[in-house]
Every structure is written in structure tokens, then in C-alpha cells.
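Asker:
Residue numbers (the working numbering): 25 to 397.
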């Protein structure tokens, strides 16, 4: 048994920029996308888009000038969607375009507010790629992939879309046995690599920038990408979720903050396993009475979150809310709907609060394309 947790210390040729040894200068080259179109994308999503987003669109225009969004469909089975639909003008084809909710456009079942889908793949697994950002007023920290038919896990695949697509392409190359197909994929890889390097975009799966973010992650969460919240020099900002033996928690009082805490990967793994066991007991309960008993530890946790919020440790509520959302059962929608909007608003990530409210009210495993809904 343990208390309510404690603070812990943070363990393409036409668009190619002028050749230069200074990669940063190369990255500053802007893609030839009209400012009006950029503003339209960002006004619909209320998010700033990184320059690689626009450069990749221009790269795809070179592959297929008529249908850039479909330029990778035949070769590797990928299609550009989400904010790319705006660049393609698809949103204007829908009669009731004014009523489109871009908070939900291509938002898959397990996508947290931090995730913004930009590319889709195999529909059988609902494979998709998206930008992952810690705050709506920041640029993405990486491009993640998820297969919503399988799990909530987000795999980090580079810090830009060129890297993510190249990694996907390399995987495809290993699977292909046909020589003609192999040759086509190698040609595509060469073109993509040349474009990315000419623009100064890193193609590694994990960059120094991403590793630097890892140091700021306060909790891994069920989706694996982790959450980042501001933590000051006095460790105010995040408090660990309480551990449990599966039966009972200590009553949460102001003394909770003085409870000594375990640190390290073993502790994180145990807490995650314990929470998953609690969630499983709730989701798989045979009747309402059994489910109510199984909910008791979560009720204790939410009480601890209230104490944590009172002392500005907003990260605890965010972690618990994200985990309950990621578990996926509708039995946790109400609690997640209480925890997450509050946590996001307290962290001044108001757009994420809006997104999660919309998502929980319309959470679907299928109808995620708002243009066809």
C-alpha cells in the first residue's frame, strides 16, 4: 500500500533550398505554399503546422501534380489526409463545409488530443501517422504512428513527416520480393531522401531533439509517447499516481505529499501494470455490483488528483485521464471526461480540452473522415 503519490525529479528538386553546410539555414527555407492556404489550414485546426508539412506536400506534387494526396497510394499504400485535405481543397467539396468539426477529422479511436493525423495506410489495422505535440501552442515534437484496430500504442518515427514515411518505406522494402516493385520503391526512397537532405530534415527514427524531450517526460502513459508538463525547481507540477496492492489505497490527505516515492523504470512499470489490472477488473466485471467494487481504487485516485490540483501538480490528473482514455472502455469515458478537460485547462492547453470533449462525445471506431460522415 502507498499514499497518494509524491513529487519526483525528472529522471524535392523544385523545392530544394540553396545548398549550405548550415542545416539550420536549410531548414528555414519555406515551401512554396500560398500564405492564404497556410492560414486556412491553421485556422481550421487552430494549430501551427511545421514547415516539413508543407514541404512534403510539394514533394508529393512532384510525384503526382494532379493528385498529390494519392501520390503514395499505389507504391506504398499511404494517403495524405487531415490538414492535407485542406491543401487539396477537399473540404470545399462538402456542401455543409461550415459545419465540419476538424477536431474530429481523421481522429481515430485512441488518438489523444496531442495527436493530429496527417497520413493513413492499411484500413484493416487503421494504420495512421500523425504529428504529436505536447501543447497546442507548440510545434510537434515528433511524428507518431498507431494501428487503432490493435492498440493505443503510439510509435515515435522521427521528428518530421519525411523521416516517418522513409521509415515506413524501408519496412516495405524488406517485405517485397518482386524485383520490379523493389526497384520502384528504391527509386522513391532515393527521391525522398534527396529531397529531405536538401531541405535539412533529419531522417533518423530518434533524433537528439526527441531524446531531449524524453528527459522532460514525467509519465510514459499507456500510449507510450508520454506526457510532458511544466515542473519548477521545487518539483511542483507533477506528482506520481499512487501505487496499490490491488485492494486498497491509503486515504488521501495533505500528508500524501510527504510519502517517499520510488523512482526508476521498475516503479513506472509496476504502476502501469497495477492501473491496467484495475481497469481490466472494471471493464470485465460480470455485473454492476462487481464493477462498482472494482471502481473503488479509481475513486481514490481521483480524490488524490483533486489534492494534487490544489497544490498545482496538474500532471497527475493528466496522466490518469490519458491512461483511462487509452484503455478504451466506455466505462471510463465519464471519469476521463472529468479529469482531462480540467487538466488541460489548468495547464493552459485549452484547445486540447475542447478536442477531448468533442472526441468523448463522438468517439467512434469507424467514421473518422468528417468529409464523408
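Every residue gets a Cβ at the ideal spot worked out from N, C-alpha and C, and that includes glycine.
Can you look up residue 390 in the DSSP assignment and give me helix, strand or coil?
Answerer: Here residue 390 sits in coil by DSSP.
Asker: How many whole angstroms separate the CB atoms of residue 422 and residue 81, which I take to be in contact at a CB cut-off of 8 Å?
Answerer: Limits of the chain in this structure are 25 at one end and 397 at the other, which puts residue 422 out of reach.
Asker: For the region 233-248 and the region 203-223, state whether three or more C-beta atom pairs, one from each stretch, are separated by less than 8 Å.
Answerer: Short answer: they don't touch.
Asker: Can we say the region 140-150 touches the region 165-182, given the rule of at least three CB pairs closer than 8 Å?
Answerer: The region 140-150 vs the region 165-182: in contact.
Asker: If you check the beta carbons only, do residue 157 and residue 138 fall under 7 Å apart?
Answerer: Yes, these two residues count as a Cβ contact at 7 Å.
Asker: Taking the beta carbon of residue 389 as the centre, do at least 16 other beta carbons fall within 10 Å, making it buried, or is it exposed?
Answerer: With fewer than 16 Cβ atoms within 10 Å of its Cβ, residue 389 is classed as exposed.
Asker: Could you check which residue in 107, 295, 368 and 376 has the C-alpha nearest to that of residue 154?
Answerer: Selected option, being the one with the closest Cα: 107.
Asker: For the putative contact between residue 360 and residue 341, defined by C-beta atoms under 8 Å, what is the C-beta separation to the nearest angstrom?
Answerer: Contact doesn't hold; Cβ gap of about 10 Å is too wide.
Asker: DSSP on residue 248, reduced to helix/strand/coil?
Answerer: In the structure shown, residue 248 sits in coil (DSSP, three-state: anything other than H, G, I, E or B).
Asker: Using DSSP bridges, identify the partner residues of residue 243.
Answerer: In DSSP, residue 243 forms a bridge with 251.
Asker: Take every Cβ of the region 332-341, pair it with every Cβ of the region 372-383, and state whether three or more of those distances are shorter than 8 Å.
Answerer: Touching, no.
Asker: What are the start and end residues of each continuous alpha helix (DSSP H) run of 4 or more residues lying completely inside the region 294-355, in chain order?
Answerer: Segments of the alpha helix (DSSP H) lying fully in the region 294-355: 312-334 and 339-351.
Asker: Once DSSP output is grouped into helix, strand and coil, what is the label at residue 378?
Answerer: In this structure, residue 378 counts as helix in the three-state DSSP scheme.
Asker: Hey, how far is the Cα of residue 127 from the Cα of residue 352?
Answerer: So the two alpha carbons sit approximately 19 Å from each other.
Asker: Between residue 100 and residue 216, is the Cβ-Cβ spacing less than 7 Å?
Answerer: Result no, Cβ atoms of residue 100 and residue 216 do not sit closer than 7 Å.
Asker: On a CA-only basis, which of 329, 141, 298 and 227 is nearest residue 73? Give me that one, please.
Answerer: Closest option to residue 73, Cα to Cα, is 141.
Asker: Look up residue 141 in the DSSP assignment and give the residues it is bridged to.
Answerer: Bridge partners of residue 141: 154.
Asker: For residue 229, which three-state DSSP category applies?
Answerer: If DSSP states are grouped into helix, strand and coil, residue 229 belongs with coil.
Asker: What residues match up with residue 396 in a beta bridge as DSSP calls it?
Answerer: Note: residue 396 sits in no beta bridge, so no partner.
Asker: So what's residue 222 in DSSP terms, helix, strand or just coil?
Answerer: Helix, per DSSP.
Asker: With 16 other CB atoms within 10 Å as the buried threshold, where does residue 391 fall?
Answerer: The residue is exposed, with fewer than 16 neighbouring Cβ atoms inside 10 Å.
Asker: Using the Cα positions of residue 254 and residue 332, report the straight-line distance between them to the nearest angstrom.
Answerer: Rounded to the nearest angstrom, the two C-alpha atoms are 14 Å apart.
Asker: Does residue 180 pass the burial test, meaning 16 or more other C-beta atoms within 10 Å, or should it be called exposed?
Answerer: Buried, by the Cβ-count rule.
Asker: Can residue 227 and residue 187 be called in contact, C-beta distance under 7 Å?
Answerer: Contact flag set, yes.
Asker: Excluding the 5 residues flanking residue 385 on each side, which residues of the same chain have their C-beta closer than 6 Å to its C-beta?
Answerer: Answer for residue 385: no residue qualifies.
Asker: Can you check whether the CB of residue 223 is closer than 7 Å to the CB of residue 344?
Answerer: For residue 344 and residue 223, no; Cβs fall outside 7 Å.
Asker: When the Cα atoms are used, what is the spatial distance from residue 383 to residue 261?
Answerer: For residue 383 and residue 261, the distance between alpha carbons rounds to 26 Å.
Asker: DSSP three-state label for residue 199, please.
Answerer: Residue state, collapsed to three classes: helix.
Asker: Kindly indicate which residue of 355, 300, 334 and 301 has the alpha-carbon position closest to the one of residue 312.
Answerer: Of the listed residues, the one whose Cα sits closest to residue 312 is 355.
Asker: From this set, 317, 348 and 316, which residue's C-alpha is nearest residue 303's C-alpha?
Answerer: Ranking the options by Cα distance to residue 303, first place goes to 348.
Asker: Apart from the five residues just before and just after residue 87, which ones in its own chain have a Cβ nearer than 7 Å to its Cβ?
Answerer: These residues qualify, in order along the chain: 95.
Asker: Looking at the strands, I want to know which residues DSSP matches up with residue 168.
Answerer: Residue 168 is bridged to 154 and 180.
Asker: Could you give the residue range of the alpha helix (DSSP H) that holds residue 68?
Answerer: It spans 59-69 - the alpha helix (DSSP H) in which residue 68 sits, taken as one unbroken run.
Asker: Could you spell out the range, first to last residue, of the alpha helix (DSSP H) harbouring residue 357?
Answerer: Looking at the DSSP string, the run of the alpha helix (DSSP H) that includes residue 357 is 357-370.
Asker: Between which two residues does the alpha helix (DSSP H) holding residue 82 run?
Answerer: Taken as a continuous stretch (DSSP letters only), the alpha helix (DSSP H) holding residue 82 covers 75-87.
Asker: Determine the burial state of residue 301: buried for a count of at least 16 other Cβ atoms within 10 Å of its Cβ, exposed for fewer.
Answerer: Looking at its Cβ environment, which holds fewer than 16 other Cβ atoms inside 10 Å, residue 301 is exposed.
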